[in-house]
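Notes follow once the structure below has been shown.
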Amino acid sequence: MKTEVFRVTEKSDIILRRAAELICSGSLVGIPTETVYGLGANAFDRDACLDIFKAKGRPADNPLIVHIAEPEDAEKIAYTNSLYYKLAERFMPGPLTVIMPKRDIIPDSVTAGLDTVAIRCPKNKVANQLIRLSGVPIAAPSANRSGMPSPTSASHVFKDMDGIIPMILDGGECEVGVESTVISITEDSIILLRPGQVTLEMLKEICDNVTVSSAVTEELKPGEKALSPGMKYKHYAPRADLYLVDDRYIDFVSFTKEKHRMEKCAVMCYDEEIEKYTDEILLPVGGERDIKEQTKRLFDILRRADDMGVCTIYAHLPSKDGEALAIYNRMIRACAHRILGGENG
Ligand code: AMP
Ligand code: MG
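Going by the working numbering, the first residue of the sequence shown is number 5, and it counts up by one from there.
Following this line, the structure appears as structure tokens:
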């Protein structure tokens, strides 16, 4: 199959109509969203959604997120409640995915047999317009091959999906850079399953009863069941061994310079640290306090590290506060919990 890539805005009517036709006829399309690129299919089409799992090599028990054009469209596919509408008013369209009991119209291939469905209303104008033109909700996980970092540009999608899907819409670099915040809700409670740009602190402003799933910051214990199936897989792993250095205990620059003398490693340093290095391989992550920029660059850096063929990567251990929790959550998965310094050894 030839994979065509089109540079688009929400006004690229002819291309977006072609993409909508592909969706309606059961094909898959690579789609820009504000979080990461998605691999979209008609959420009502059982077989098209099964094809998503094949294209990604995604484990069959990891459900997909269904994307809608307006918060109210959730009514057709889920049993909503008043808390959903409070969240929608504040965060939708935007990078928040809400899990609620599903209606029968959503096939099991989308929810991996669960009786709940994950719903998101994307803010990205291309994604939103494509859903409108398709006239159906679009099921879309991240458009990477399973186990690769999520794609934040059309070229990342092309690298993973060339020859596998007919079309990729190139809407430029993703604004956020990590996947949406995922929560499951009842009428009066929220469980945070995956951290993203909508933070724990922001959710607490809407609801008094917010808990955080242990899988957000810790490894699942043997036999423990993940509330969100995606949390149990080794995700976002670069080929190189990634180590997180707790810089409260270890001087990051001198430690990584010393390591570089002994092995071919790359260093994910802060922009401010660049000038302290000489001939080391650097992957600058953004300013030390610029969490938004660090989030945006994260997956591209992990992909570039793979392309460089280094054996080891060293990075600062991220904080768990606010928006940094999303980086922490992705990094501890990418590093298989190899943390250096302090009580971590
Ligand atoms: P991705 O689309 O690749 O960003 O992954 C979607 C995430 O949402 C995965 O971690 C899934 O396990 C999670 N998810 C989707 N639907 C559900 C559901 N019904 N219940 C729990 N988690 C879900
Ligand atoms: Mg994914």
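Here a beta-carbon is modelled for each residue, glycine too, at the ideal position from N, C-alpha and C. Because the structure is a prediction, the values reported are computed rather than measured.
So, is residue i buried or exposed, given that buried needs 16 or more other C-beta atoms within 10 angstroms?
i	result
LYS106	buried
CYS269	buried
ILE72	buried
HIS160	buried
TYR41	buried
THR13	exposed
PHE282	The question names Phe, but residue 282 in the sequence shown is Thr. THR282 comes out exposed.
CYS53	buried
CYS315	exposed
SER113	buried
ARG62	buried
ASP164	buried
ASN213	exposed
TYR253	exposed
LYS300	buried
GLU267	exposed
HIS320	buried
GLY227	exposed
ASP17	exposed
GLY181	buried
HIS341	exposed
ALA23	buried
MET5	exposed
ARG293	exposed
ARG307	buried
THR260	buried
ALA47	buried
GLY291	exposed
SER157	buried
SER323	exposed
LYS280	exposed
GLY98	buried
SER29	exposed
GLU8	exposed
LYS15	exposed
SER184	buried
Hey, could you find the ends of the beta strand (DSSP E) residue i is sitting in?
i	result
PHE10	8-11
CYS53	Here CYS53 belongs to no beta strand (DSSP E); instead the alpha helix (DSSP H) covers 50-60.
THR215	214-216
ASN46	42-46
ALA131	Looking at the DSSP string, ALA131 is not in any beta strand (DSSP E); the run it does join, the alpha helix (DSSP H), is 129-138.
ILE187	185-189
ILE103	100-105
THR39	Neither: THR39 is in no beta strand (DSSP E) and is coded neither H nor E.
ASP65	ASP65 -> no beta strand (DSSP E), and no H or E assigned at all.
ARG198	194-198
THR120	120-124
ASP166	Per DSSP, ASP166 belongs to no beta strand (DSSP E) and is neither H nor E.
TYR247	245-249
MET5	That residue, MET5, is in no beta strand (DSSP E); it is neither H nor E in DSSP.
LEU270	Looking at the sequence itself, residue 270 is Ala, so the reference to Leu does not match. Start and end: 269-272.
Provide the residue span of the alpha helix (DSSP H) that contains residue i, from first to last.
i	result
VAL114	112-115
SER157	Premise fails: SER157 is in no alpha helix (DSSP H) and is neither H nor E.
HIS71	Unbroken run through HIS71 is the beta strand (DSSP E), 69-71; no alpha helix (DSSP H).
ILE386	As displayed, the chain neither begins before 5 nor continues past 349, which places residue 386 out of reach and without an answer.
ARG265	256-266
ALA92	86-95
ILE210	204-210
Continuous alpha helix (DSSP H) assignments of at least 4 residues falling wholly in the segment 278-333: 295-312
Cβ contact (3+ pairs, closer than 8 Å) linking the segment 239-254 and the segment 328-342: yes
contact_flag[the segment 118-132, the segment 74-91] where n(CB pairs < 8 Å) is 3 or more: yes
contact_flag[the segment 86-103, the segment 187-206] where n(CB pairs < 8 Å) is 3 or more: yes
Contact between the segment 168-181 and the segment 80-89 (3+ Cβ pairs under 8 Å): no
Touching by the beta-carbon criterion (3+ pairs, under 8 Å), the segment 200-210 and the segment 139-148: no
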